[in-house]
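Peer 1: Mind the numbering: the sequence shown is residues 16 to 367 in the numbering used here, read in order.
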Amino acid sequence: MISQLTISNKVAHQRLVLGTMTLMLLALGVISMSFGAFPISLSKVMQVFFGDWIGGESVSLQEKNVLLQIRLPRLLMAMLVGGALGIAGAALQGLFRNPLVEPGLIGVSSGSALFAVIYIVFGSSLTFLTSLGKFGLVGFAFIGGLLNTFLVYRLSSKAGKTDISLLILAGVALNALAGALIGLSIFYADDAALRNFTFWSLGDVGGANWEKVMLMLGFSFLPVGLIIGQHRALNALAIGENEAFHVGVDVQRTKLFILIGSALVVGTAVALTGTIGFVGLVVPHLLRILFGADHRLVIPGSFLTGAILLTLADLLARTMVAPAEMPIGIITAILGAPFFIWLLINVKQIRT
Numbered sequence: 016m017i018s019q020l021t022i023s024n025k026v027a028h029q030r031l032v033l034g035t036m037t038l039m040l041l042a043l044g045v046i047s048m049s050f051g052a053f054p055i056s057l058s059k060v061m062q063v064f065f066g067d068w069i070g071g072e073s074v075s076l077q078e079k080n081v082l083l084q085i086r087l088p089r090l091l092m093a094m095l096v097g098g099a100l101g102i103a104g105a106a107l108q109g110l111f112r113n114p115l116v117e118p119g120l121i122g123v124s125s126g127s128a129l130f131a132v133i134y135i136v137f138g139s140s141l142t143f144l145t146s147l148g149k150f151g152l153v154g155f156a157f158i159g160g161l162l163n164t165f166l167v168y169r170l171s172s173k174a175g176k177t178d179i180s181l182l183i184l185a186g187v188a189l190n191a192l193a194g195a196l197i198g199l200s201i202f203y204a205d206d207a208a209l210r211n212f213t214f215w216s217l218g219d220v221g222g223a224n225w226e227k228v229m230l231m232l233g234f235s236f237l238p239v240g241l242i243i244g245q246h247r248a249l250n251a252l253a254i255g256e257n258e259a260f261h262v263g264v265d266v267q268r269t270k271l272f273i274l275i276g277s278a279l280v281v282g283t284a285v286a287l288t289g290t291i292g293f294v295g296l297v298v299p300h301l302l303r304i305l306f307g308a309d310h311r312l313v314i315p316g317s318f319l320t321g322a323i324l325l326t327l328a329d330l331l332a333r334t335m336v337a338p339a340e341m342p343i344g345i346i347t348a349i350l351g352a353p354f355f356i357w358l359l360i361n362v363k364q365i366r367t
C-alpha cells in the first residue's frame, strides 16, 4: 500500500512538473512573438491566434503576415531544435552514465559541419550538388551527420556489441578528422563561401520557414518517440549493463535505438540551423539537479526545457542588438560555457 502510494505521488509530481514546463513554454512562445525588429503588441498577438475569443484591437495584414509567416515558423523551429538537442543529450548521458556527454560526441555535429562546408565551398562547381536545389545544404549536412555517426558506431562495435569506451574514442578521433577536413576545405574557399559557412556554423533559426519546420517535425517525430520509449531501459542501465540485462533489458538494442534516434534528431537540427552547442549538455544535467535522475521525467523534461532554453535564446538574439540579429549559437555558448565550467569544477571536487 505504501509503495503504491509512493509511486502514485511520484507520477503526480512528474505530471505536475511536465505540465508546468509546457505552460511555461507556451507563455514564453506567445511573449516572444511580440518582440523583434518590427514590434507587435501582445494583445495583437493574442488576437491573431485566439480571435473572437478575446476580442481586442484589429490587426493589419502586415502584422498578421509577420506573425504567421516569419515569427511563428521561427518560434516552432527554435522549440523543435531545442527539444531535439535536449532529449538527445539526456538519452546519451543516460546511456553513457556520464553527465559530461553531449550529442556532438557521437560525431553528428562535426559530420554535418564537414558536409555543409563541402557543399558551400564546392557546391557551385559540382553538378550533382547544384541539382539538389534549395534544400541541398540541408540534405547534404544531414547525410554527413548520419554517415559520421554510422562510422563511430561501426568502429566501436565488435561481435554485435558496442563498447562505450571505444565509441567515445572513435567519436573524438572522427571529430578531430572532420575538423581537419573542414579547415582544409575552408583553405580553398572564397570570401563569400567563407562568410556563408561562418554564419551557418554559429547556428541560426532566422531562416526558418514552414517547409523547414515540416522537415524538422517529420524527421524528429519518430526518433523522439523512440527515445522517450527507452526511459525504463535507461533507468535500468543506470545501475550497470550487466544488471540491466538481468532485469530483462536488451542492452544492445537500447544502445542502437538511442544512437540512431539521437543521430536523426541532432543531424536534422544541425542541417537546418547550423551548430548550436551546449543545449544537449546543460539541459539534462540541470533537470537531474532539480528533479533527480528518473528518466521518466528527465527524458520528456529535457525536450521541454531544451525548447524553453532555445526559445529564450532566440528571443535574446532578436532583441539584444535590434534591428540586427545575433546568431543563436553565440547566445547558447554564452549561457552554456559557464555552466560547463561549473560542472567540471564540481566533478573534480567530487572525485577528490
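Every residue gets a Cβ at the ideal spot worked out from N, C-alpha and C, and that includes glycine.
In whole angstroms, give me the CA-to-CA distance for W357 and H300.
Peer 2: Rounded to the nearest angstrom, the two C-alpha atoms are 12 angstroms apart.
Peer 1: Hey, which unbroken runs of the beta strand (DSSP E) at 3 residues or more fall wholly within the stretch 158-213?
Peer 2: Taking only runs of at least 3 residues, no beta strand (DSSP E) segment lies wholly in the stretch 158-213.
Peer 1: Rounded to whole angstroms, what is the Cα-Cα separation between A253 and I55?
Peer 2: Roughly 48 angstroms separates the two Cα atoms.
Peer 1: Pick out the complete alpha helix (DSSP H) segments inside the stretch 310-335, 4 residues or longer, and give them in chain order.
Peer 2: DSSP runs (the alpha helix (DSSP H)) wholly in the stretch 310-335: 310-334.
Peer 1: What do you get for Y203, buried or exposed, if any count of 16 or more other CB atoms within 10 angstroms of its CB means buried?
Peer 2: Exposed is the call here.
Peer 1: Whose C-beta lies closer than 6 angstroms to the C-beta of V297 among residues of the same chain, with five residues either side of it excluded?
Peer 2: Answer for V297: G351, F354, listed in chain order.
Peer 1: Tell me which residue opens and which closes the alpha helix (DSSP H) that V132 is part of.
Peer 2: V132 -> alpha helix (DSSP H) spans 123-137.
Peer 1: Here's the rule: buried if 16 or more other CB atoms are within 10 angstroms of the residue's CB, otherwise exposed. What is F64?
Peer 2: By the 10 Å Cβ count, F64 comes out exposed.
Peer 1: From A207 to Y134, what does the alpha carbon distance come to, in whole angstroms?
Peer 2: In a straight line, the C-alpha of A207 is about 13 angstroms away from that of Y134.
Peer 1: Quick one: is E117 buried, meaning 16 or more other Cβ sit within 10 Å of its Cβ, or exposed?
Peer 2: Classification of E117: buried, given that the 10 Å Cβ count is 16 or more.
Peer 1: Would you mind working out which of T290, V285, F53, G151 sits nearest E340, comparing C-alpha positions?
Peer 2: The candidate whose alpha carbon is nearest that of E340 is F53.
Peer 1: Can you look up G276 in the DSSP assignment and give me helix, strand or coil?
Peer 2: If DSSP states are grouped into helix, strand and coil, G276 belongs with the helices.
Peer 1: Establish whether the CB of G233 and some CB of chain D are separated by less than 7 angstroms.
Peer 2: The structure shown contains no chain D; it holds only a single protein chain.
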